[in-house]
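Single-structure report; data block below.
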Amino acid sequence: MAEVAHQETHGFQTEVKQLLHLMIHSLYSNKEIFLRELVSNAADAADKLRFRALSDDSLYENDGDLHVKLSVDKDAGTLTIADNGIGMTRDEVIEHLGTIAKSGTKEFFSQLSGDQAKDSQLIGQFGVGFYSAFIVADHVTVRTRGAGQPADRGVEWQSAGEGEFTVADIDKAERGTEIVLHLREEEKEFLDDWRLRNIVSKYSDHISIPVQMWKDEVPERDGPDGEKIPAEPGKWEAVNKATALWTRDKSEISDEEYQEFYKHVSHDFADAMTWAHNKVEGKTEYTSLLYIPAKAPFDLWNREQKHGLKLYVQRVFIMDDAEQFMPTYLRFVKGLLDSNDLPLNVSREILQDNKITQAIRQGCTKRVLQMLERMAKNDADKYQSFWNEFGNVLKEGPAEDFANKEKVAGLLRFASTHTDSDAQTVSLQDYIDRMKEGQDKIYYVTADSYQAAKSSPHLEIFRKKGIEVLLMFDRIDEWLMSHLSEFNEKAFQSVAKGALDLGDLEDEDSKKAQEEAEKQVEGVLERVKSTLGDKVVDVKFTHRLTDSPACIVADEHGMSTQMVKLMQAAGQPVPEAKYHFELNPEHQLVRMLADMQDETRFNQWTEVLFDQAALSEQGSLKDPAAFVQKLNKLLIDLAK
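Printed below as a string of structure tokens:
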């Protein structure tokens, strides 16, 4: 190797410094995972070279035997992981080994608590790849050259993990990357040949690239019967099966192997929640291996972040994050597809409108929904864990996937007036099974929070009659319900929109009592309407209230309060919403209002009741100070 030239020193990105600090202080109880991560990266580099070489065979540089090699130098205390894959340029080295190009990094680091056990789980969820080298090494050297680059375009990267790294130009005859770990004194167990072979066998058997280690020469020796066994020369030998796991029969693959493969394709440190491995034959032939993670990644809500499956064609890696095979609302699914029908030179543009792609997408979507249905049916606790992580993403499904709208709706979970907490545990089928005799609608209310939903005055008559109402308080819920009109032939009805019609749930005695109450306050509606003017669409009596004097109600087909807030949050122009103002004729304040002769006081009380109703429904007022002034004046008058 030639002398190092053009050396520069760079500072790590702030987030990398924080991460390295955690690594160096060994958050992981299972330190051996560093080797899994580095071998996985090396295998990916080989896959990427194989794909690039489909269109440019010269990238192989007359060496198409792709592999990963592990070697140790016990005297120097170093472990080297080398591959002859795609390699990196100088700019790529600085970009990939000096920054964490992940959305959610700020949120991730804000959640670190200093509790090693909790922080370890968070880091596992975040994924760290190359930086896991610092779990066991106090100094790391990386030498690399991009495939197709001349030998003098090699790059050497070095760091002790203390805030900065150096990058220098070097000569490197072979393409690819070698990572030299200078192990800490207490980590010298990873120089042991048997220990390394064990780790590779445990974590990397499924990788289709051979992971090789040097086997020393075996001298000539005597056999058990006295015959001479010839000497065996030293050689590189594969220590993993080097067979693509998804091509093997399911009966031959253990759960441990499936889990390790998941960690390879997802770069997650935790086990997957469940998976499905299927070979589809017929008009379209492909193999799918789909995993549902146990924890949501930090970039789940970043729509700019690429999501998708690894795509292989006839066992040749084609691309990461092939989003065409999975709808957006299932973007949490990890795994791969191996198609026999797509061309090896397939591009993202060709995939977009390809009939084969559409058939595979439909098949994979169906497979994931079946997985979730089985989990919900057979292991409610496990499904609840899934829902807590990914429920809000699944709520995008009814709007996005019309063909599977009913299936997705069956997987949704909500809180309700029949549960005691904000835990979303009630399925739509649970609700229907509990419906009262004569009930033909699924009632729901949307709000900013669980407490606001639970305390909504619109629920009062439903509580009185023991009718269950779904409580929806996630930001996406109002948008969800605008695309979900019915389930199992039962229509949805917002309790805060349109006229209240309980149908067969209303009894004659109640109707007579309501009519009598309205007669006692006749005339108040016109006076209130005159006071509020064009602030409201209409003023009328309601019997949806039992404890509150008034409420505001949106039109049946109008824009609800939550939809207005959703559009405003998205920066969309929203026309001013006007509501129906409904009065409870049985409430003492409404009766007082009906008897009030002083028009000035009547107007003040009307304004206060309207503002109270608006505050209860919307959570805020345009002019809260004016409301307080009016209320205070009325309180002073009452005290006189």
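The letter at position 255 of the sequence shown is residue 255 when you use full-length UniProt numbering, and the numbering goes up by one with no holes.
We put the CB at the ideal spot given by N, CA and C, even for glycine.
Nothing here was measured: the structure is a model prediction, and the numbers come from that model.
Excluding its 5 nearest sequence neighbours in each direction, residue 147 has C-beta neighbours in its own chain below 6 angstroms: 49, 59, 86, 87 and 175, listed in chain order.
If you draw a straight line from the Cα of residue 54 to the Cα of residue 385, it comes to about 43 angstroms. Listed in chain order, the alpha helix (DSSP H) elements of length 4 or more contained wholly in the region 324-354 are 348-352.
For residue 275, the uninterrupted beta strand (DSSP E) segment begins and ends at 272-280. Contact between residue 191 and residue 330 does not hold, since the beta-carbon distance rounds to 44 angstroms and is not under 8 angstroms. Ranked by how close their Cα comes to the Cα of residue 448, the residues 473, 134 and 469 have 473 in first place. With 16 or more other Cβ atoms inside 10 Å of its own Cβ, residue 34 counts as buried.
As DSSP reads the structure, residue 176 sits in a beta bridge with 145. For residue 429, the three-state secondary structure derived from DSSP is helix. With a cut-off of 8 angstroms on Cβ pairs, the region 230-247 is in contact with the region 205-214, counting three or more such pairs. Distance from residue 93 to residue 157 at the Cβ level is roughly 5 angstroms; contact confirmed, criterion being Cβ atoms closer than 8 angstroms. Rounded to the nearest whole angstrom, the CA to CA distance from residue 477 to residue 433 is 22 angstroms. When C-alpha distances from residue 7 are compared across 522, 408, 515 and 169, the shortest belongs to 169. Residue pairing by DSSP places residue 293 opposite 272 in a beta bridge. For the set 144, 291 and 149, the Cα lying nearest the Cα of residue 367 is the one of 291. Here the alpha carbons of residue 307 and residue 588 stand approximately 58 angstroms from one another. Runs of alpha helix (DSSP H) with 4 or more residues, each lying fully within the region 560-606, are found at 561-569 and 588-595, listed in chain order. Less than 9 angstroms divides the Cβ of residue 39 from the Cβ of residue 200.
Rounded to the nearest whole angstrom, the C-alpha separation of residue 178 and residue 326 is 35 angstroms. A distance below 9 angstroms separates the beta carbons of residue 445 and residue 459. At the C-beta level, residue 548 and residue 554 stay beyond 9 angstroms of one another.
Counting along the chain, the unbroken beta strand (DSSP E) around residue 443 starts and ends at 441-446. Per DSSP, residue 60 lies in no alpha helix (DSSP H) and is assigned neither H nor E. Residue pairing by DSSP places residue 298 opposite no residue, since no beta bridge is assigned to it. Distance from residue 537 to residue 606 at the Cβ level is roughly 16 angstroms; contact not present, criterion being Cβ atoms closer than 8 angstroms. With respect to residue 356, residue 284 sits close: the two C-beta atoms are nearer than 9 angstroms. Rounded to the nearest angstrom, the Cβ distance from residue 262 to residue 334 is 7 angstroms, consistent with a contact under 8 angstroms. Just measuring C-alpha positions, the residue of 203, 312 and 269 sitting nearest residue 293 is 269. Straight through space, the alpha carbons of residue 155 and residue 167 are spaced by roughly 7 angstroms.
In summary, residue 440 is exposed, with fewer than 16 beta-carbon neighbours lying within 10 Å of its beta-carbon over all protein chains present. With a contact defined as Cβ atoms closer than 8 angstroms, residue 137 and residue 183 qualify at about 6 angstroms. Taking the CA atoms as reference points, residue 358 sits about 10 angstroms from residue 365. Out of 77, 323, 400 and 598, the CA that lies nearest to the CA of residue 479 is found in 400.
In the structure shown, the three-state DSSP call for residue 11 is strand. For the region 457-497, the continuous alpha helix (DSSP H) assignments of 4+ residues that do not extend past its boundaries occur at 460-465 and 477-481, in sequence order. For residue 628, the number of other beta carbons within 10 angstroms of its own is below 16, and it is reported as exposed.
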